[in-house]
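Asker: One structure, as structure tokens, below. Some questions next.
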Ligand code: 8YV
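In my numbering, the protein residues as written are 6 to 326.
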């Protein structure tokens, strides 16, 4: 890479991150924060040494194949890399990195908010107050589900899952988890390991999804797996929409099999299945898991740390391909 490599930055980034980019690189910024189509992205990448994209960009095998030869690295501003075809990048010798760790706290906050918001009917209540339709109070008004002391199942006990478990313990929740591997007792901190999700689901008063999106986890939450949850369970998803089969989740929310769902991520964002909007037992956020000032700065700096390493010929800390 050149001394001051050219970096195509696909979205507007926090000021401090763009300042550092300007200081150390020749950035092609996107001050209007316009979404680039794949054709435009490829066009703008001409002559660039690296890309700094977000999860909103489609870096499929087809797009990667059309990137100019000058592109040596893709330093993602995201922990999830399901928008990048890693094999295609590897085949072209393009280094790919992500931004783990720095968004675990922010995302865990949102997962807790989804649990609380869905269980305590936050959307319904807020709508009522805002619409000026709150007329009364009674002991049976807007009664929801208590979170404290309930059993929480976590699918994917990675960085985010572990923080969610810690926060949930603050609500005296009994934590259970499923992952490909069992953690050491010190990390488990009393959480109960389940080898399969079939074993985990029947004990979940609350289910929180934190596994990565990949072919093996696509539609992991489907008609069959939802049937294994206790009646009246609450499902929350702050990971990726593709892990959930929308039709199955919506049917379970309609029938009352599930009491509520809290969602921050969806299939086909932002054109989500409209049924989610119509249901009263959904608490919906617009993919803001990592949207805090501290975290967005940290994500940008982490992406730049990775680029700095690549430029210096060192192994980047967060290499995924
Ligand atoms: C980010 C995320 O906002 O990092 C991720 O994988 O899902 C989000 O928290 C987004 O991906 C930024 O590109």
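Quick reminder that beta carbons are idealized off the backbone N, C-alpha and C, glycines included.
Just verifying my parser: in three-state terms, what is the DSSP assignment at residue 10?
Answerer: If DSSP states are grouped into helix, strand and coil, residue 10 belongs with coil.
Asker: Please work out which residues of its chain come closer than 7 Å, Cβ to Cβ, to residue 304, disregarding the five sequence neighbours upstream and downstream, and give them in chain order.
Answerer: Result list for residue 304: 82, 104, 107, 108, 295, in chain order.
Asker: Compute the Euclidean distance between the alpha carbons of residue 298 and residue 111, then round it to the nearest angstrom.
Answerer: When rounded, the distance between both Cα atoms is 10 Å.
Asker: Please state the DSSP three-state secondary structure of residue 183.
Answerer: In the structure shown, residue 183 sits in a strand (DSSP, three-state: E or B).
Asker: Could you check whether residue 168 and residue 113 sit closer than 8 Å to each other, using their CB atoms as the reference points?
Answerer: Yes, the Cβ-Cβ distance between residue 113 and residue 168 is below 8 Å.
Asker: Decide if the stretch 121–135 is in contact with the stretch 313–323; the criterion is three or more beta carbon pairs, one per stretch, under 8 Å apart.
Answerer: No, the stretch 121–135 does not touch the stretch 313–323.
Asker: Looking at ligand 1, does it come within less than 7 Å of residue 107, judged from the CB to the closest heavy atom?
Answerer: Checking the Cβ of residue 107 against ligand 1 gives no.
Asker: Given 7 Å as the limit, tell me if residue 59 has its C-beta closer than that to any heavy atom belonging to ligand 1.
Answerer: Under cutoff, so the answer is yes.
Asker: Can we say the stretch 154–169 touches the stretch 205–221, given the rule of at least three CB pairs closer than 8 Å?
Answerer: Counting Cβ pairs under 8 Å, three or more are found: they touch.
Asker: Should residue 11 and residue 54 be called a contact, given that it needs their Cβ atoms to be closer than 8 Å?
Answerer: Contact flag set, yes.
Asker: So residue 50 and residue 57 are in contact, right, with Cβ under 8 Å, and what is the actual spacing, rounded?
Answerer: In fact, because the Cβ distance is near 11 Å, the residues do not count as touching under 8 Å.
Asker: For residue 250 and residue 278, what's the separation of their Cα atoms in angstroms?
Answerer: If you take the alpha carbons of residue 250 and residue 278, they lie about 11 Å apart.
Asker: Return helix, strand or coil for residue 220, following the three-state DSSP convention.
Answerer: Helix, per DSSP.
Asker: Looking at C-alpha atoms only, which residue of 273, 290, 275 is the closest neighbour of residue 266?
Answerer: Of 273, 290, 275, the residue nearest in Cα terms is 290.
Asker: Would you say the stretch 225–232 touches the stretch 244–263, given that touching needs at least three Cβ pairs under 8 Å?
Answerer: Cβ pair count under 8 Å is three or more, so yes.
Asker: Quick check: is the beta carbon of residue 103 nearer than 8 Å to any beta carbon in chain B?
Answerer: Within the model displayed, chain B is absent; a lone protein chain is all it includes.
Asker: Taking DSSP as the reference, what is the three-state secondary structure of residue 242?
Answerer: Three-state result, residue 242: strand.
Asker: Given this structure, state the Cα-to-Cα distance separating residue 44 from residue 190, to the nearest angstrom.
Answerer: So the two alpha carbons sit approximately 49 Å from each other.
Asker: Roughly how many angstroms lie between the CA atoms of residue 205 and residue 183, to the nearest whole one?
Answerer: If I take the Cα positions, the gap works out to 7 Å.
Asker: Just confirm the distance between the C-beta atoms of residue 120 and residue 239, as a whole number of angstroms; I'd bet it's less than 8 Å.
Answerer: Sure, about 7 Å apart at Cβ, within 8 Å.
Asker: Is the separation between the beta-carbon of residue 159 and that of residue 170 shorter than 8 Å?
Answerer: The answer is yes: Cβ separation under 8 Å.
Asker: Just to confirm the assignment, what range does the alpha helix (DSSP H) spanning residue 264 have?
Answerer: Per DSSP, residue 264 belongs to no alpha helix (DSSP H); it is in the beta strand (DSSP E), 263–268.
Asker: Let me check you understand the geometry: is the CB of residue 134 closer than 7 Å to at least one non-hydrogen atom of ligand 1?
Answerer: Answer for residue 134: no, Cβ out of range of ligand 1.
Asker: Any heavy atom of ligand 1 closer than 7 Å to the CB of residue 112?
Answerer: Yes, the Cβ of residue 112 comes within 7 Å of a heavy atom of ligand 1.
Asker: Run through DSSP, which three-state label would residue 85 get?
Answerer: Coil.
Asker: Confirm the yes/no value for this check: CB of residue 213, any heavy atom of ligand 1, distance under 7 Å.
Answerer: Not under cutoff, so the answer is no.
Asker: Using alpha carbons as the reference points, say which of 246, 243, 237, 248 lies closest to residue 257.
Answerer: Here the closest residue by C-alpha is 237.
Asker: Which runs of the beta strand (DSSP E) spanning at least 3 residues fall entirely within the stretch 78–165, listed in chain order?
Answerer: Whole beta strand (DSSP E) segments, 3+ residues: 78–80, 100–102, 156–160.
Asker: Strictly by DSSP, which residues pair up with residue 69?
Answerer: In DSSP, residue 69 forms no bridge with anything.
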